[in-house]
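Just remember that this note's numbering sits 1 ahead of the position in the sequence shown, which is counted from 1.
Yeah, the Cβ is synthetic: ideal placement off N, Cα and C, and Gly gets one too.
All values derive from a computational prediction rather than experimental measurement.
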Amino acid sequence: MDSYAVVGNPIEHSLSPRIHQLFARQTGQTLRYERRLIPLDGFVESVEKFASGGAKGFNVTVPFKTQAHDWVDELDDEARAAGAVNTVLLDNGTSRGFNTDGIGLIRDLVHNQRVELHDKHVLLLGAGGAVLGVVHRLLAENPTRLVIANRTASKAQRLAVHLAEAYVNGGCEISGVGLGEVAGSYDVIINGTSAGLEGTGNLIEASLLRRAVCYDLVYGSSTPFTQWAKQAGAARALDGIGMLVEQAAAAFHLWRGVRPETAEVLAELMEARSR
Ligand code: ATR
Numbered sequence: 002m003d004s005y006a007v008v009g010n011p012i013e014h015s016l017s018p019r020i021h022q023l024f025a026r027q028t029g030q031t032l033r034y035e036r037r038l039i040p041l042d043g044f045v046e047s048v049e050k051f052a053s054g055g056a057k058g059f060n061v062t063v064p065f066k067t068q069a070h071d072w073v074d075e076l077d078d079e080a081r082a083a084g085a086v087n088t089v090l091l092d093n094g095t096s097r098g099f100n101t102d103g104i105g106l107i108r109d110l111v112h113n114q115r116v117e118l119h120d121k122h123v124l125l126l127g128a129g130g131a132v133l134g135v136v137h138r139l140l141a142e143n144p145t146r147l148v149i150a151n152r153t154a155s156k157a158q159r160l161a162v163h164l165a166e167a168y169v170n171g172g173c174e175i176s177g178v179g180l181g182e183v184a185g186s187y188d189v190i191i192n193g194t195s196a197g198l199e200g201t202g203n204l205i206e207a208s209l210l211r212r213a214v215c216y217d218l219v220y221g222s223s224t225p226f227t228q229w230a231k232q233a234g235a236a237r238a239l240d241g242i243g244m245l246v247e248q249a250a251a252a253f254h255l256w257r258g259v260r261p262e263t264a265e266v267l268a269e270l271m272e273a274r275s276r
């Protein structure tokens with residue numbers, strides 16, 4: 002039976018095995034998909050062992066996406082741009098790295114949630130790995146303005162300069178600021194920071210969230226960011242469960258050549274978490 006896994010640390014709460022089992026059942030595919038806890042200092046050793054055992058591919062989660070990028074033999078454009086890999090395809094001794102996070106976000110936000118990004122003002126919070134994974138796809142939706150705000154302002158500024166050079170003809174005004182310097186008004190605010198309970202509630206001025214669509218790249222029925230967004234009067238407060246399912250669907254398609262139907266899987270996960 003073809004074998005797949007999600008590798009990370011921690012990994013016990015990953016929903017990926019459930020999602021891929023549902024995709025497999027829906028598309029009539031037979032495969033095994035398991036969680037693999039990898040020691041923090043043992044990425045290469047662990048995945049090489051998994052690969053040499055005949056595995057067909059794996060997903061990569063925190064904190065190994067950069068190491069996966071460095072490990073694979075070949076990179077697709079998105080993974081190269083992001084400097085991070087979340088999906089690996091193993092084929093006849095060759096490993097190919099992809100990043101499906103960006104397409105996962107856009108499929109959920111734009112297609113499932115019907116949130117337009119074209120001609121909109123978008124605020125992206127954070128400038129780390131999570132943001133790098135999605136920012137290129139975001140820009141491909143042609144917002145008018147993209148502000149990247151980060152605790153360490155210089156990191157946001159550097160990223161903004163790099164993106165402005167890369168998308169010089171894109172027609173989007175791109176800038177980078179510190180979290181305390183965010184001004185203006187935004188249609189869509191996306192949280193890509195790893196700030197937990199203690200940090201999220203005061204990332205930026207709460208009035209900025211009023212009437213904005215707020216989206217957390219992290220999933221959970223009530224994340225600190227979505228909770229805060231609701232309190233601040235956001236138009237909508239969405240967590241990343243849909244993005245999780247969509248990035249998984251893109252990985253499944255890469256591995257199996259079949260595109261699963263995501264709506265019913267997402268509905269099942271939403272139902273399970275409301276119980
Ligand atoms: P990830 O892969 O999850 O994005 P990362 O690359 O370490 O992890 O990036 C974490 C992001 O969350 C960064 O933008 C970080 O800000 P700094 O660049 O200033 O470190 C941000 N972050 C983490 N903890 C935070 C907090 N308590 N408040 C605000 N931002 C925080």
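Assuming Val116 is part of the beta strand (DSSP E), what are its boundary residues?
Taking the sequence shown and counting its residues from 1, the one referred to as residue 116 is at position 115. Neither: Val116 is in no beta strand (DSSP E) and is coded neither H nor E.
Report the rounded CA-to-CA distance for Ile191 versus Leu204, giving the unit in angstroms.
Working through the sequence shown from its first residue, we reach residue 191 at position 190. Working through the sequence shown from its first residue, we reach residue 204 at position 203. Cα to Cα, the separation comes out at about 12 Å.
Based on Cα-Cα distance, which residue from Ser208, Val136, Ala196, Gly197 lies nearest to Ser176?
In the sequence shown, residue 176 corresponds to position 175, counting from 1. Minimum Cα distance to Ser176 is reached at Val136.
What are the start and end residues of the alpha helix (DSSP H) that includes Asp102?
Mapped onto the sequence shown, residue 102 falls at position 101. Unbroken alpha helix (DSSP H) run through Asp102: 102–107.
For the ligand ATR, is there a heavy atom less than 6 Å away from the beta-carbon of Thr28?
Taking the first residue of the sequence shown as 1, we reach residue 28 at position 27. It does not: the Cβ of Thr28 is nowhere closer than 6 Å to a heavy atom of the ligand ATR.
Would you mind working out which of Asp188, Ala141, Ser186 sits nearest Gly172, comparing C-alpha positions?
Mapped onto the sequence shown, residue 172 falls at position 171. Of the listed residues, the one whose Cα sits closest to Gly172 is Ala141.
Would you check if the distance between the CB atom of Ala238 and the CB atom of Thr227 is smaller than 7 Å?
As a first step, residue 238 is located in the sequence shown; it is residue number 237 there, counting from the start. As a first step, residue 227 is located in the sequence shown; it is residue number 226 there, counting from the start. Against a cut-off of 7 Å, the Cβ pair of Thr227 and Ala238 comes out as a contact.
Pairs of beta-carbons, one from the region 83–94 and one from the region 162–171, closer than 8 Å: are there three or more?
Output reads no: the region 162–171 does not touch the region 83–94.
By how many angstroms is the C-alpha of Val246 removed from the C-alpha of Gly185?
By one-based count along the sequence shown, residue 185 stands at place 184. By one-based count along the sequence shown, residue 246 stands at place 245. Rounded to whole angstroms, Gly185 to Val246 spans 32 Å at the Cα level.
Between Tyr5 and Lys57, which are expected to be in contact by the criterion C-beta below 8 Å, what is the C-beta distance as a whole number of angstroms?
Indexing the sequence shown from 1 puts residue 5 at position 4. Indexing the sequence shown from 1 puts residue 57 at position 56. Their Cβ separation, rounded to whole angstroms, is 6 Å, which keeps Tyr5 and Lys57 in contact under 8 Å.
Check whether the region 16–28 touches the region 254–264, counting contact only when three or more Cβ pairs, one atom from each stretch, lie closer than 8 Å.
Yes, they touch.
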